[in-house]
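Below is one structure, written out as structure tokens, with a few remarks after it.
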Amino acid sequence: AQRVTQPEKLLSVFKGAPVELKCNYSYSGSPELFWYVQYSRQRLQLLLRHISRESIKGFTADLNKGETSFHLKKPFAQEEDSAMYYCALSNRAQKLVFGQGTRLTINP
Amino acid sequence: ETGVTQSPTHLIKTRGQQVTLRCSSQSGHNTVSWYQQALGQGPQFIFQYYREEENGRGNFPPRFSGLQFPNYSSELNVNALELDDSALYLCASSSPLPPTGRRNYGYTFGSGTRLTVV
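Going down the list, the protein sequences come from chains L and F. All residue numbers for the first sequence refer to our numbering, where the first residue is 10 and numbers rise by one. All residue numbers for the second sequence refer to our numbering, where the first residue is 50 and numbers rise by one.
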């Protein structure tokens with residue numbers, strides 16, 4: 010079964026502190042992993058994808074196949090990072106399987 | 050470049066009625082997927098359309114159906130509405146979809162249609 014688990018529904022950190030949003034997945038094969046973000050009153054948008062190995066807005070995520078994880082990290086949180094974050098995997102059929110999401114709040 | 054547009058933005062229907070939601074895909078995208086997002090949950094895949102044919106379906110009953118048109122726009126139809134159908138319905142389009150095996154480069158989502166069934 011394909012499943013994405015985000016264990017934290019809510020995460021609150023202070024500005025300037027490191028942030029890690031956890032994501033674990035189950036999938037028999039080689040999935041493609043994504044992080045999507047939804048800022049207040051905006052649409053869901055792609056933040057980053059593992060195949061690109063990119064850093065967007067200071068965020069990075071490394072695919073760990075051994076631990077089946079794809080945690081999202083940022084060394085220094087900023088207030089504008091407050092948003093809803095969804096981890097998702099894509100199978101060969103191209104559908105996206107989302108986690109339940111983590112609401113990140115950055116306190117000043 | 051235009052993004053994904055959905056209409057209407059909000060809708061209230063009575064249990065047992067039928068509803069049609071509409072989506073225009075992003076320019077250059079010919080694959081459209083629909084997702085249901087219940088309150089406090091992540092989006093759940095309903096189905097996907099490619100070249101006007103259903104190309105994958107999630108765990109939703111047959112009363113959820115769809116269409117894709119030659120201009121790649123799409124409709125989601127739900128018959129015999131139930132209270133649990135109340136949700137945000139998201140449309141997403143993606144880059145051209147070749148035969149299976151090619152990587153997904155990410156979807157562009159619309160703002161959604163908020164459906165309330167009373």
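C-beta: ideal position from N, C-alpha, C; glycine also.
Helix, strand or coil for residue i? Go by DSSP, reduced to three states.
| i | result |
| --- | --- |
| R151/F | A caution first: R151/F carries a pLDDT of 48, below 50, which makes its placement in the model too unreliable to give a value. |
| S143/F | strand |
| S135/F | coil |
| G161/F | coil |
| H59/F | strand |
| E76/L | coil |
| Y36/L | coil |
| V167/F | coil |
Considering just the uninterrupted stretch of the beta strand (DSSP E) at residue i, what are its terminal residues?
| i | result |
| --- | --- |
| E103/F | E102 to R106 |
| S56/F | T54 to S56 |
| R50/L | First-last for R50/L: undefined, no H or E at that position. |
| C32/L | No beta strand (DSSP E) holds C32/L; DSSP gives it neither H nor E. |
| Q18/L | Gln is not the amino acid found at residue 18/L; the sequence shown has Lys there. Careful: K18/L lies outside any beta strand (DSSP E) and carries neither H nor E. |
| I62/L | The identity of residue 62/L in the sequence shown is Arg, whereas the question assumes Ile. It is not in any beta strand (DSSP E) - R62/L carries neither H nor E in the DSSP assignment. |
| G115/F | F113 to Q117 |
| N116/L | T111 to N116 |
| T80/F | T80 to Q86 |
| S73/F | V68 to S73 |
| K83/L | L81 to K83 |
| E124/F | S123 to V127 |
| F107/L | L105 to F107 |
| Q99/L | A small fix is needed here, since residue 99/L is Ser in this sequence, not Gln. Looking at the DSSP string, the run of the beta strand (DSSP E) that includes S99/L is A92 to S99. |
| Y99/F | Q93 to Y99 |
Are the Cβ atoms of residue i and residue j separated by less than 9 Å?
| i | j | result |
| --- | --- | --- |
| E97/F | R106/F | Going by the sequence as given, residue 97/F is Gln instead of Glu. Yes, they are a contact pair. |
| T157/F | Q90/F | no |
| L130/F | Q86/F | no |
| Q67/F | T162/F | no |
| V28/L | K82/L | yes |
| T69/L | E76/L | no |
| S82/F | S143/F | yes |
| Q93/F | F107/L | yes |
| G77/F | I95/F | no |
| P16/L | L98/L | no |
| L88/F | L125/F | no |
| F23/L | P84/L | no |
| S160/F | T51/F | no |
| Q79/F | R100/F | A quick correction: the sequence has Asn, not Gln, at residue 79/F. Yes, these two residues count as a Cβ contact at 9 Å. |
| N100/L | Q11/L | yes |
| Q103/L | N128/F | no |
| Y84/F | L105/L | yes |
Query raised in the report: Between the segment 132-141 of chain F and the segment 32-39 of chain L, do at least 3 Cβ pairs fall closer than 8 Å?
Result: Between the segment 132-141 of chain F and the segment 32-39 of chain L, the count of C-beta pairs closer than 8 Å stays below three; the two stretches do not touch.
Requested in this report: For the segment 58-65 of chain F and the segment 160-167 of chain F, state whether three or more C-beta atom pairs, one from each stretch, are separated by less than 8 Å.
Outcome: Yes, the segment 58-65 of chain F is in contact with the segment 160-167 of chain F.
Requested in this report: Indicate whether the contact test is met: 3 or more Cβ pairs, each with one atom in the segment 87-106 of chain L and one in the segment 44-53 of chain L, closer than 8 Å.
Outcome: Three or more beta-carbon pairs separated by less than 8 Å link the segment 87-106 of chain L to the segment 44-53 of chain L, which places the two stretches in contact.
Query raised in the report: Does the count of Cβ pairs from the segment 109-117 of chain L and the segment 53-61 of chain L closer than 8 Å reach three?
Result: Contact fails between the segment 109-117 of chain L and the segment 53-61 of chain L, because fewer than three Cβ pairs, one in each stretch, are under 8 Å apart.
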